[in-house]
Each structure stands twice: as C-alpha cells, then as structure tokens.
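In terms of the UniProt record's numbering, the sequence shown opens at residue 1 and continues consecutively. Even for Gly, the Cβ is constructed at its ideal location relative to N, Cα and C. These numbers come from a predicted model, not from an experiment.
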Amino acid sequence: MLVDHFEAHILNTYPGMLHFLTYADNYAVGYFRKQGFSKEIALDRAIWTGYINDYEGSTIMQCTMVTKVDYLDKANIIARQQDDHPCLGGVGAAQLSSSCNKL
1 MLVDHFEAHI
11 LNTYPGMLHF
21 LTYADNYAVG
31 YFRKQGFSKE
41 IALDRAIWTG
51 YINDYEGSTI
61 MQCTMVTKVD
71 YLDKANIIAR
81 QQDDHPCLGG
91 VGAAQLSSSC
101 NKL
C-alpha cells in the first residue's frame, strides 16, 4: 500500500518520471518484487550511474510505472481482472483447469 501511494504521488507530481531504481537488501527482494520491481534493469546505465550507490548484500531492482494505472485503485483493478478472467486467480500453472488452458 505504501508503495502504491508513493507511485501515485510521483505520477501526479512528476508526470515524466516513470522509473525507480533501488538497491534491495537480498532478504527484501521478494517484497520489492511484489511491489512491482524487477531485477531486469531496462533503464540505460548512463542515466543513473553516479546517482545510485552499489551496496554489498543487495540487489539492484527497477520499477517502471504505467501512466494509465491508478495505483491507489490497484487492488480493485486486479480483483476485476480476476472476476473477468478466472484463470488469473493466482493459481500455479500446474493447477490450471483445462478450460483455462484454452485461453
């Protein structure tokens, strides 16, 4: 929830800023992944080199925001998508029913 508010604030205050970089403690990578961060860094290294420090025991992660998403309404958006497409309900691929496999 806190990250959702932060993303909404950044989109409203700085509309051209669409990327975040962070060094996540190796024990917190899962948390940041759930918040939309990825280990894949698509942002050109020349843009951020010298502005963010490397820390031992941490992993650099990137979050790219989508301007069309209302991050404060993200839970409702996901719930509506799951209602419209039951196969998106969070079950593992091995548990998908045969009807879901036809999507």
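Item                                                                                  : Value
Distance CB(Leu-18)-CB(Trp-48) smaller than 9 Å                                       : no
Ile-10 and Met-61 closer than 9 Å at C-beta                                           : no
DSSP state of Phe-32 mapped onto helix, strand, coil                                  : helix
Asp-73 versus Tyr-14 - alpha carbon distance                                          : 19 Å
Environment of Tyr-71 [buried if 16+ CB atoms lie within 10 Å]                        : buried
Minimum length 4: unbroken alpha helix (DSSP H) runs contained in the region 22-91    : 29-34, 45-48 and 74-84
Residue from Lys-68, Phe-32 and Lys-39 with nearest C-alpha to Leu-2                  : Phe-32
Range of the contiguous alpha helix (DSSP H) that encloses Leu-2                      : 2-13
Nearest to Tyr-55 (by Cα), restricted to the options Cys-63, Asp-83, Tyr-23 and His-5 : Tyr-23
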